[in-house]
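To start, the structure itself, in structure tokens.
Chains as they are written, first to last, in the working numbering: chain D, -17 to 74; chain F, -17 to 74; chain A, -17 to 74; chain U, -17 to 74.
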């Protein structure tokens, strides 16, 4: 099943600037079979739903391995039964 | 890795009342090895991160199989590197 | 216009435990004309949409006044044109 | 207080394609004193927190006036006590 998605990862208990962690988030997402489009409030994703979920787990593992104490993520998922969703179709 | 989570599934393009779909969401979540606590804005979850993600995929599959045309989900994930998170600890 | 809502406030750059800030969030929400139901992933709200939004702004102001350096909030809003939404109706 | 934000509005109980409603969302947001950047999973905003919240209420009012039966919105807010946040600073 194909999905479009948005992942925002919020490191809690690190410093107030989290740029380094966000760069790591995008780096890990790009290692998966996904279209990856970072923006100011998260990263838009397109690909198989399983790939989106696997990539999300990999992001949490990678950041905790790198020392993150606590991570709160907001993952939006959009799937359709009638056709294959795409980021392109969702742009105005 | 253990996680607490919240899943809200929004069926789009079905009727305005989505109670039947939400009951199906909770039913599918309960088939997984998770603590499952439904509330008015979603369902709180506790368990292995992988189980949370597998259950989320199973929910989308089950609802599309049941005829849902489009599903938008909001999944909040909370993981910690220093200790095992629990819903109990997050209550006031 | 009446709304049901859920507010989760995430203090970033404070310590890893944010219990004190969350207690302050709920305290400020209770000073407004809203039904307030805290749970493990946020606080469910019911009342006028304007009251929900005013309370959300008051929470950000109060926590920054108390020293919070950065706050990320996730606010879910649910409004209806056909009837008055309630938290009660959204429970299973 | 200045904020960056992201608003995603999900019309429930309308058709499965909600492009017309989303165009109306962006149109209403642009009538406020905000930087408005639509993307595939919502619209990023920058401006005074009060303007973000006022614009969000105006969007719900406008879409219900236009016939929307039910609207679920996800609003992310990001405010800082130490400096003025901007969408520009949050891009990688």
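Here a beta-carbon is modelled for each residue, glycine too, at the ideal position from N, C-alpha and C.
DSSP three-state assignment for residue i, whether helix, strand or coil
| i | result |
| --- | --- |
| residue 60/A | strand |
| residue 44/F | helix |
| residue 53/D | strand |
| residue 74/F | coil |
Counted within 10 angstroms of its Cβ, other Cβ atoms place residue i as buried (16 or more) or exposed
| i | result |
| --- | --- |
| residue 68/U | exposed |
| residue 64/A | exposed |
| residue 55/A | buried |
| residue 9/D | exposed |
| residue 58/U | buried |
| residue 72/F | buried |
| residue 39/A | buried |
| residue 12/A | exposed |
| residue 52/F | buried |
| residue -5/F | buried |
| residue 15/F | exposed |
| residue 66/F | exposed |
| residue 24/A | buried |
| residue -12/A | buried |
Counterpart residues of residue i in DSSP-defined beta bridges
| i | result |
| --- | --- |
| residue -14/D | 28/D and 60/D |
Whole-Å CB distance - residue i paired with residue j, under 8 Å assumed
| i | j | result |
| --- | --- | --- |
| residue 31/D | residue 61/D | 6 Å |
| residue -8/D | residue 74/U | Actually they are not in contact, since the Cβ atoms of residue -8/D and residue 74/U sit about 16 Å apart, beyond 8 Å. |
| residue 29/A | residue -16/A | 7 Å |
| residue 45/A | residue 6/A | 6 Å |
| residue 33/U | residue 26/D | Rounded, the Cβ-Cβ distance is 25 Å, inconsistent with contact. |
Curious, which full-length alpha helix (DSSP H) runs of at least 4 residues does the region -12 to 28 of chain U contain?
The qualifying runs are 1 to 12.
Which residues, in chain order, does the region -12 to 7 of chain F contribute to contact with chain B at a C-beta distance below 9 Å?
Here chain B cannot be found, since the structure's protein chains are D, F, A and U.
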